[in-house]
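When the letters of the sequence shown are read in order and numbered with the numbering used here, they come out as residues 2 to 228. Shown next, in structure tokens, is the structure this report addresses.
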Amino acid sequence: MSGPLLRVLRELGGSREPGGQGAAECGPPALILGPPGCGISGLMFMAAALAAEEEGAVLYLCPEPLQTVPRAGRVARDPLILKQIRFVYPPSMKELLQFFSSLHLTSPPPSLILVDGLERYFQPTCSLHDGAHISALMLDSVSHLHCGLIVSAAPNYEGTDGAFLAVERYFPNQCVVYHDLSCGEKEKVYKVSFMSSRPQWNMHVGEDGGVRVSPCDVQDLTTRLAS
Numbered sequence: 002m003s004g005p006l007l008r009v010l011r012e013l014g015g016s017r018e019p020g021g022q023g024a025a026e027c028g029p030p031a032l033i034l035g036p037p038g039c040g041i042s043g044l045m046f047m048a049a050a051l052a053a054e055e056e057g058a059v060l061y062l063c064p065e066p067l068q069t070v071p072r073a074g075r076v077a078r079d080p081l082i083l084k085q086i087r088f089v090y091p092p093s094m095k096e097l098l099q100f101f102s103s104l105h106l107t108s109p110p111p112s113l114i115l116v117d118g119l120e121r122y123f124q125p126t127c128s129l130h131d132g133a134h135i136s137a138l139m140l141d142s143v144s145h146l147h148c149g150l151i152v153s154a155a156p157n158y159e160g161t162d163g164a165f166l167a168v169e170r171y172f173p174n175q176c177v178v179y180h181d182l183s184c185g186e187k188e189k190v191y192k193v194s195f196m197s198s199r200p201q202w203n204m205h206v207g208e209d210g211g212v213r214v215s216p217c218d219v220q221d222l223t224t225r226l227a228s
């Protein structure tokens, strides 16, 4: 699983486990899936800040500028971390493909690349081939640079199912975020699961986009498995 993303969840959840450093900590490329507004962008940004603090240059790609930049965690402790994160906004799939095609020319090479909102690059006419094309290009690029990769997406987005079948095949290492229906409609609480059918964290998303994480306790898991 993705080292930075897992370490963010542990850090927000109050884990005392020490976070390792080094390029190997990025782990294999990861795909994080969840509905719009579930706090994924906040997690992605915090993973970028963690990698920027520990590893150096980070690339953060999304179709349009972030509306808010979380000021929690490492960025709150050291705002200069933001200078290590380069934000890039390819507006379409064509520009995204061009960016990754020329990524080997980037200097200094990034320690981690994050692509936030991949679904917004797919049109309803996109096919399995289109999903495979961008997935293979991203994976080849980070393999060449020996850096980490985290991609976020909202599945089943406006008829892009075919393209996402390919994306999910290329990214077997997945983190899934889904709404906790037991908490009612007013409270934004989500379950987070890494490569497991069992949720491992509860994620609370505030009105300001702030994210709070707590580990799922044994009683919570036992109740859900029995239901």
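Don't be surprised by glycine CBs; every beta carbon is placed ideally from N, CA and C.
| Item | Value |
| --- | --- |
| Rounded C-alpha distance that separates Ser198 from Tyr171 | 20 Å |
| Closest by C-alpha distance to Leu126, when choosing among Asp162, Leu60, Leu119, Val168 | The sequence given here places Thr at residue 126; Leu does not occur at that position. Among Asp162, Leu60, Leu119, Val168, the Cα nearest to that of Thr126 is on Asp162. |
| Enclosing alpha helix (DSSP H) for Tyr171 [first to last residue] | 162 to 171 |
| Under the three-state DSSP convention, the category Ile67 falls into | Ile is not the amino acid found at residue 67; the sequence shown has Leu there. DSSP places Leu67 in coil when its eight states are reduced to three. |
| Gln124 classed as buried or exposed, judged by whether at least 16 other C-beta atoms fall within 10 angstroms | exposed |
| Inter-residue spacing [alpha-carbon to alpha-carbon] between Ala53 and Asp181 | 32 Å |
| Nearest-angstrom beta carbon gap, Leu6 and Ile114 [assumed within contact, 8 Å] | That pair is no contact at about 13 Å. |
| Residues near Leu1 by beta carbon distance below 8 Å, same chain, minus five either side | This structure cannot settle anything about residue 1, because the visible part of the chain is limited to 2 through 228. |
| Member of Ser128, Lys192, Leu60 whose CA lies at the smallest distance from the CA of Leu10 | Lys192 |
| Check whether Met45 and Asp117 have beta carbons under 7 Å apart | yes |
| Contacting residues, own chain, Cβ-Cβ under 7 Å from Ala167 (five flanking each side not counted) | Leu129, Gly132, Ala133, Ser136 |
| Beta-bridge partners of Gln85, as assigned by DSSP | According to DSSP, Gln85 bridges with nothing at all. |
| Residues near Ser153 in its chain [Cβ-Cβ closer than 6 Å; skip 5 each side] | Ile33, Ile41, Met45, Asp117 |
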